[in-house]
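Here the structure comes first, spelled out in structure tokens, and everything after it is commentary.
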Amino acid sequence: MRLDEHARYRPLSGARTMSGNWRVSLPENLAEAAIDAIYPQALLHQEQSASETLRIVTFDEMVGRQRGRYRVAGELGAAGRERAREVLCGRCVRTPVWAGGTAEERDIPCPEPCSVMVALAREAALWQEDPPPVASPDSTVPFADFSTPGNEVREAYLARTPAEVPGG
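Just so you know, the numbering used here puts the end of the sequence shown at 186, numbered straight through with nothing missing.
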């Protein structure tokens, strides 16, 4: 469950890259434990969302706690944050309620930006002044290796970044 179909480590437990075609047969009383092993805290977050007790941590709160190399993530502008959310969170089974989204009853709410999002925001903040060129996606590049050309998420982010208008 921690590797994708290309045998790459899946740092985002909710990533839609889990290998398919597997089955698990369990007694019903162990089904919740199996779901929790695959998607940690998913059932708890669903329950808390339904009872309106889910604690939401915004992007600003999350990056405000960052120190060292991840502090720069807070410098990513609003448009960059939205782009990062679109390209990363769209690859996850969770619904980013931390970004103002609404989770339906069967959705898995995501109450705060994950460490993978903070890592992407860090790289994207560094690209604001001088974005690297877009490269072709390379499935051999690890999922969260955003500093390496060919990373699928990096390339999707860069492809959505508007080009600077000369003299603008």
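We put the beta carbon where it would ideally sit given N, CA and C, even for glycine.
Query: In the DSSP assignment, find the alpha helix (DSSP H) that holds residue 109 and state where it starts and stops.; Result: Segment: none, residue 109 is in no alpha helix (DSSP H) and carries neither H nor E.
Query: Thinking C-alpha only, which one of 50, 175 and 63 is nearest residue 135?; Result: 175
Query: Just to confirm my understanding: we take residue 78, look at its own chain, exclude 5 residues before and 5 after, and list those with CB closer than 8 Å. What are they?; Result: 92
Query: Indicate whether residue 15 and residue 141 have their beta-carbon atoms separated by less than 9 Å.; Result: Past the edges of the chain, shown from 19 to 186, lies residue 15, and the structure says nothing about it.
Query: Starting from residue 126 and walking both ways along the beta strand (DSSP E), at which residues does that stretch end?; Result: 126-128
Query: Contact between the segment 102-116 and the segment 126-135: three or more CB pairs below 8 Å?; Result: yes
Query: Quick one, are the C-beta atoms of residue 90 and residue 57 less than 9 Å apart?; Result: no
Query: Taking residue 171 as the reference, which of 154, 181 and 54 has the closest Cα?; Result: 154
Query: Could you check where the alpha helix (DSSP H) with residue 77 kicks off and where it finishes?; Result: 77-82
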